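If you're matching positions, the sequence shown starts at 106 in this note's numbering and goes up one per residue.
Positions of the beta carbon are idealized from the N, C-alpha and C atoms, including for glycine.
In this text the structure is predicted, and so the values were computed from the model without any measurement.
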Amino acid sequence: CNVRTAKKYNPPLSLPLPGAQPSISNAEGDILFLLDSSGSVSYYEFSKVKEFMWDLVRPFSFGPKDVQTSIIHISTTPTMEFPFDRYQSRGGVQQAIRDTRQLMGDTNTGQALSYAKEKFFSNEAGARPEVPKVLVWVTDGFSTDDISEPMQLLKDMGVTVFIVSTGRGNYLELSAAASQPPEKHLHFVDVDDLPIITKELRDAMLANRLHAVDITSSSFRLVWPELLSQETGYYSLEYAPTNNLAAKRTTQLSGAHTSFTVSNLTPETTYEVALVPESNVHYFPPQTTRVTTLAGKMHSQDSPCSAPHNLLVWLGEAEGCSLARPERGEGVFLLALTSPSRRGEPRDPSPGCPALRSSKGHPRPGCTFRRRGHEHSKRLNPPVARA
Numbered sequence: 106c107n108v109r110t111a112k113k114y115n116p117p118l119s120l121p122l123p124g125a126q127p128s129i130s131n132a133e134g135d136i137l138f139l140l141d142s143s144g145s146v147s148y149y150e151f152s153k154v155k156e157f158m159w160d161l162v163r164p165f166s167f168g169p170k171d172v173q174t175s176i177i178h179i180s181t182t183p184t185m186e187f188p189f190d191r192y193q194s195r196g197g198v199q200q201a202i203r204d205t206r207q208l209m210g211d212t213n214t215g216q217a218l219s220y221a222k223e224k225f226f227s228n229e230a231g232a233r234p235e236v237p238k239v240l241v242w243v244t245d246g247f248s249t250d251d252i253s254e255p256m257q258l259l260k261d262m263g264v265t266v267f268i269v270s271t272g273r274g275n276y277l278e279l280s281a282a283a284s285q286p287p288e289k290h291l292h293f294v295d296v297d298d299l300p301i302i303t304k305e306l307r308d309a310m311l312a313n314r315l316h317a318v319d320i321t322s323s324s325f326r327l328v329w330p331e332l333l334s335q336e337t338g339y340y341s342l343e344y345a346p347t348n349n350l351a352a353k354r355t356t357q358l359s360g361a362h363t364s365f366t367v368s369n370l371t372p373e374t375t376y377e378v379a380l381v382p383e384s385n386v387h388y389f390p391p392q393t394t395r396v397t398t399l400a401g402k403m404h405s406q407d408s409p410c411s412a413p414h415n416l417l418v419w420l421g422e423a424e425g426c427s428l429a430r431p432e433r434g435e436g437v438f439l440l441a442l443t444s445p446s447r448r449g450e451p452r453d454p455s456p457g458c459p460a461l462r463s464s465k466g467h468p469r470p471g472c473t474f475r476r477r478g479h480e481h482s483k484r485l486n487p488p489v490a491r492a
């Protein structure tokens, strides 16, 4: 291992001072930092990497239904600093990272990766089986053992691998180790410039999981990474309001999908969403998220009285009416005034149109009434709402 001399710290003038960052409350996953704690890393570099780790996860909410994080040291023998479920608050995670001490020793990254594979899916380590798994490996580019096989095993188990190289790492080796495409999962940067890539890396981590965009009072659009193809499998999408999980809805989507719009939702309601990739090639863990719709009225396309309908009216000789819907032509209704002598039967019913008594007190907005024999129509304005 190569031991580097410490550098004097000169703050980069081009970087803004760290300040408050918007919190990210709808993320869920287990983030594991593979931290090079060997003798090839100087104390100065080790401390800068710790600052980077905290800046990377600081906006997240931590807890059993949010983000959990852990650290494994790369050294002669791999060591877990703390399990995933030990710290459930920002303050706790921050202090735990600050208290992390360098172990020195050899750079046995391959052993650390094999150890990580065990802990990523271990109840003992506080890992959760049904959440996205992210590995962030910060390295100076050196390893004394093979990393290719244990890294591939991790990726085959659904772990997304990000690599940050602060040294002279081999590009071909590291690009093969990182998740694909490498331009989103592999970064080469000087240790003093780690803050430059923090937001980009965090955004890439979020993009590799199920998340919602275009949120309104009655809909949202789900976006997820390309995991499957038309030939390799399909997705099962499940969603339900958190206060009524029994009302779960399920939609099956082809493997070519990477987004889907969920509509007809209730305003100001939190929904639990799960995306289950069903692949015949690789195992992909389910991805989950929680989305809260905005306040406000339902959009017009979701309202039961929004779309125009046609009401065909036959005027009879006495009072009474019934509402009939044709078997074909969705949204077209037949309103027939009937005669008592026909006991509620339409005077001139259309064949095959079952009569359904109307339960609505007002016509729908935009209804068209046509008087039989006169062939003219009249547009009706929607009823004025009462205070």
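| Asked | Found |
| --- | --- |
| As assigned by DSSP and simplified to three states, the class of residue 303 | helix |
| Closest by C-alpha distance to residue 233, when choosing among 248, 271, 203 and 190 | 190 |
| Helix, strand or coil at residue 508 according to DSSP, with G and I counted as helix | This structure leaves residue 508 out entirely; the chain is present only between 106 and 492. |
| DSSP bridge partner residues for residue 326 (one or two, in chain order) | 318 and 366 |
| First through last residue of the alpha helix (DSSP H) which encompasses residue 162 | 148-162 |
| Three-state secondary structure (DSSP) of residue 353 | coil |
| Where residue 294 sits in the DSSP three-state scheme | coil |
| Reduced DSSP secondary structure (H/G/I, E/B, other) of residue 238 | strand |
| Proximity below 8 Å, CB of residue 147 to CB of residue 180 | no |
| Own chain partners of residue 170 with C-beta closer than 6 Å, once the 5 adjacent residues on each side are dropped | none |
| C-beta contact flag for residue 345 and residue 388 at 8 Å | no |
| Residue 134, DSSP secondary structure in three states | strand |
| Collapsed DSSP secondary structure at residue 343 in the structure displayed | strand |
| Member of 379, 272, 308 and 262 whose CA lies at the smallest distance from the CA of residue 357 | 379 |
| Which listed residue (278, 134 and 368) has its alpha carbon closest to that of residue 238 | 134 |
| Spatial neighbours of residue 192 in its chain, beta-carbon cut-off 7 Å, leaving aside the 5 residues before and after | 167, 198 and 201 |
| For residue 153 and residue 205, believed in contact at Cβ under 8 Å, the rounded distance | With a Cβ gap of about 13 Å, residue 205 and residue 153 do not count as contacting. |
| Beta-carbon proximity of residue 269 to residue 292, cut-off 8 Å | yes |
| Rounded separation between residue 210 and residue 151 - CA only | 14 Å |
| Uninterrupted alpha helix (DSSP H) stretches inside the region 192-277 (no shorter than 4 residues) | 195-203, 214-225 and 253-261 |
| CB contact flag (residue 141, residue 245, <8 Å) | yes |
| Three-state secondary structure assigned by DSSP to residue 288 | helix |
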